[in-house]
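Data block below; observations after.
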Amino acid sequence: MAPECSALKEATLNAPSCSKAKACVYEASYGDSSFSIGYLSRDVLTLGAGAGLPSFVYGCGQDNQGLFGSSAGLIGLARNKLSILAQLSSKFGYAFSYCLPSSSGSGSLSIGTSSFNPALFRFTPLLTTPLDSTLYYLRLAAITVAGKPLSIVTPAQYRGPTIIDSGTVITRLAAPVYAALKDAFVKAMGSKFQGLPPYSILDTCFKRGMAVAVPEVRLVFEGGAELKLGHPNVVLEVEKDIACLAFAATTGISIIGNRQQQTFTVAYDVANSRIGFAAGGCR
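Residue numbering for the sequence shown follows full-length UniProt numbering, starting at 1 and increasing by one per position.
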């Protein structure tokens, strides 16, 4: 079996197989039940004048199911040998950055160490854990609501690694941390808060007209990096006149979702094992 085919287990968490024609078959599955099955392939990748890879390895999907919409494909940016990030690292450096826009804006994705200016960012260490070495982990150190730390959360409750993920919409927090966040949010909203029934996994919902009173939430990470979240990052408008706190509880590992990352530039300096945040990267 070719080394690239053997690397599929780490890249997709699914073992590769061989077709009758001895082609390497991959299967990639995602948290929303989408999946892609196809052949591991090789071709020339061209990126602008004079840049590219003469032997780029990628998956050519034959059976693609799920929430892909009209997308032409997926770009793999994980920490594994088959990601486009790893394959381009010798030319551009092992780093990338993105800015996820609001629904009415436009964002960006850049690959390489020149894609961001480190002086503009506050960084937190990139952690290595045995859970899944291809994902990006950081450590959440504190959460504040309207400038006040969550009162009943101890440092030990933040201790575990947290995934930062561009594909998960809603941030998931350990149940005790989420409960404290929910209580602080409702308290900060004040007496005008009028609760509504839960909406899917979101259980702190209210009349949209109250959104003007949404308090600032700060996610503070080890080393001092932080996400200072305003109204668009804190609540999600799920229906006309209904908004919900855009966080949910989990019994698994905590995840920083893309709602909380929107309009921030997030820099993944993989070569130096750190992740940075800068506000106002896009709209």
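Glycine is no exception: its CB is placed at the ideal position from the N, C-alpha and C atoms.
Same chain only: Cβ atoms within 8 Å of residue i, ignoring 5 sequence neighbours per side
i	result
T46	G52
Y199	C205, V238, E239, I242, C244
G66	Y30, D32, S33, S34, F35
V57	E4, L40, S41, R42, L82, Q87
Residues bridged to residue i (per DSSP)
i	result
K187	None, per the DSSP bridge assignment.
T162	L138, S254
F56	D43
R274	P125, D269
D63	I37
A174	T250
C99	S108, T265
V235	L245
For residue i, the three-state DSSP class (helix, strand or coil)
i	result
Y30	coil
C5	helix
Q262	coil
S115	helix
E222	coil
K228	strand
G209	helix
K240	coil
A156	helix
A267	strand
N14	coil
residue 285	Since the first residue shown for the chain is 1 and the last is 283, residue 285 is missing from the structure and cannot be characterised.
N80	coil
S89	helix
L150	coil
A180	helix
L74	coil
L120	helix
V214	coil
Contacts around residue i, its chain only, beta-carbon distance under 7 Å, and the 5 residues preceding and following it disregarded
i	result
R283	P101, S102, G105, T263
T129	Y137, P161
Sequence-distant residues of its chain with Cβ nearer than 6 Å to residue i (five each side left out)
i	result
I278	Residue 278 is actually Ala in this sequence, not Ile. Once the five neighbours on either side are set aside, the close Cβ partners of A278 are L120, F121, T265.
T171	F247, I256, G257, Q260
A180	L150, I152, V153
T113	G93, A95
V186	F193
C24	C5, P16, L40
P215	V145, A146, A188
G38	G59, C60, G61, Q62
G190	none
A175	A249
L10	Looking at the sequence shown, residue 10 is not Leu but Glu. Correct list, in chain order: N80.
Contact between the region 195-214 and the region 237-253 (3+ Cβ pairs under 8 Å): yes
Can at least three beta-carbon pairs, one atom from the region 252-259 and one from the region 156-167, be found at a separation below 8 Å? yes
Tell me whether the region 114-123 and the region 227-238 touch, counting them as touching only if at least three CB pairs, one residue from each stretch, are closer than 8 Å. no
Touching or not, the region 74-92 and the region 13-20, by the rule of three or more beta carbon pairs under 8 Å? no
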